[in-house]
Amino acid sequence: MRKPIVAGNWKMYGSTAMVKELLTSLTENIDKHSKTEAVVFPPYVYLQQAADLLQGSTIHWGAQNVSEYLDGAYTGEISVKMLNDFNCEYVIVGHSERRTIFHETDQQIAEKFFTASRQGLNPILCVGETLNQRESEQTFEVVAAQLESVFAKQENSALLKNGVIAYEPVWAIGTGVTATPEQAQEVHAFIRKFVEKYDKTLAQNLRILYGGSVKSSNAQQLFRMPDIDGGLIGGASLHAKEFLEIISLCNSYC
Ligand code: PGA
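Under our numbering, the first residue of the sequence shown is numbered -3, with each subsequent residue one higher.
Okay, structure coming up:
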């Protein structure tokens, strides 16, 4: 049985007041017996505030990015050890906004993945195709290449166990257009099959989240799919009621 996850990627949104209001509302209203793991990803500067507000609750927290280096003269970067200091359990690596806007490479993302995993964090590796790539029937090729850069590093196979994959078609992120449940399931099944080549047990236990315009109105259909183990939620995670509703749908249908 895979433990489902609903993760909220806040991106570059928030303020001290907003963090307090959102997290207070989440901790007060979350179903404490839910089998779904709820995780929030505030901007770095609010991690201490999030840690204080979430202490003792069932909600986990993490960071939206991390450096591939452990320390050094890297102005503006944040290391895995710093995230450990704030008791982060998860970190997102390779989000499409990092890949496209900040030009992160597959190689760099793989390094971030293993640096995080080595220090006991659970990396959520994001993969997904652009609209152009989908229309030119390159989806599987693109996703396979993104996975390959991490999974091909066999010497690190023990570190893969901490990982989670998020399939996020770029054309569905922040656009209001979501993949159909069938489109998402097709890629999720492909990802599981891909991982099976390396390790059958890992593939069976691997949590694969769908991300891209997930809302309470479309979550049920997506979560019903056999290879979808939860969601990585952007916009809708900034609203307590919506986020809680998505967690509850995940609990019923994942
Ligand atoms: P969205 O973002 O839910 O706003 O589409 C998802 C993501 O970028 O992780």
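Glycine is no exception: its CB is placed at the ideal position from the N, C-alpha and C atoms.
Does the ligand PGA have even one heavy atom less than 8 Å from the beta-carbon of residue i?
i	result
Ser113	no
Ile229	yes
Ser92	yes
Ile187	no
Thr176	no
Ser209	yes
Ile169	yes
Asn5	yes
Glu164	yes
Ala13	no
Ala215	no
Cys246	no
Ala232	yes
Cys122	yes
Classify residue i as buried or exposed, calling it buried when 16 or more other Cβ atoms lie within 10 Å of its own Cβ.
i	result
Lys31	exposed
Ala232	buried
Phe98	exposed
Lys256	Only positions -3 to 250 of the chain appear in the structure, and residue 256 is not among them; the question remains open.
Val173	exposed
Ser153	exposed
Gly4	buried
Tyr9	exposed
Ala13	exposed
Ala141	exposed
Ile189	Before going on, a small fix: residue 189 reads as Lys here, not Ile. Label assigned to Lys189: exposed.
Asn118	buried
Gly170	exposed
Tyr42	buried
Ser11	exposed
Gln181	buried
Pro0	buried
Leu121	buried
Sort the options by Cα distance to residue i and report the nearest one.
i	options	result
Ala46	Ser63, Tyr65, Trp6	Trp6
Phe131	Ile120, Thr23, Pro165, Ala112	Looking at the sequence itself, residue 131 is Glu, so the reference to Phe does not match. Checked all of Ile120, Thr23, Pro165, Ala112; the closest Cα to Glu131 is Pro165.
Val139	Glu100, Ser53, Val183, Leu155	Val183
Ile242	Asn118, Tyr206, Tyr163	Tyr206
Asn61	Leu143, Arg95, Leu202, Glu33	Arg95
Ser92	Asp102, Leu19, Glu85	Asp102
Cys250	Arg203, Lys108, Gly159, Ser213	Arg203
Arg220	Leu22, Val76, Asn247	Asn247
Lys16	Gln179, Leu79, Leu50, Val191	Leu50
Lys196	Asn83, Phe147, Val210, Asn80	Phe147
Entirely enclosed alpha helix (DSSP H) segments - the stretch 187 to 232, minimum 4 residues: 196 to 201, 212 to 219
Can you list the alpha helix (DSSP H) stretches of 4 or more residues lying completely in the stretch 104 to 148, in chain order? 127 to 131, 135 to 147
Output the residue ranges of the beta strand (DSSP E) runs that lie fully inside the stretch 160 to 185 and measure 3 residues or longer, sorted by chain position. 160 to 163
Length at least 4, wholly inside the stretch 13 to 67: the alpha helix (DSSP H) runs in chain order: 43 to 50
With a floor of 3 residues, list each beta strand (DSSP E) that falls wholly inside the stretch 67 to 97, ordered by position along the chain. 86 to 89
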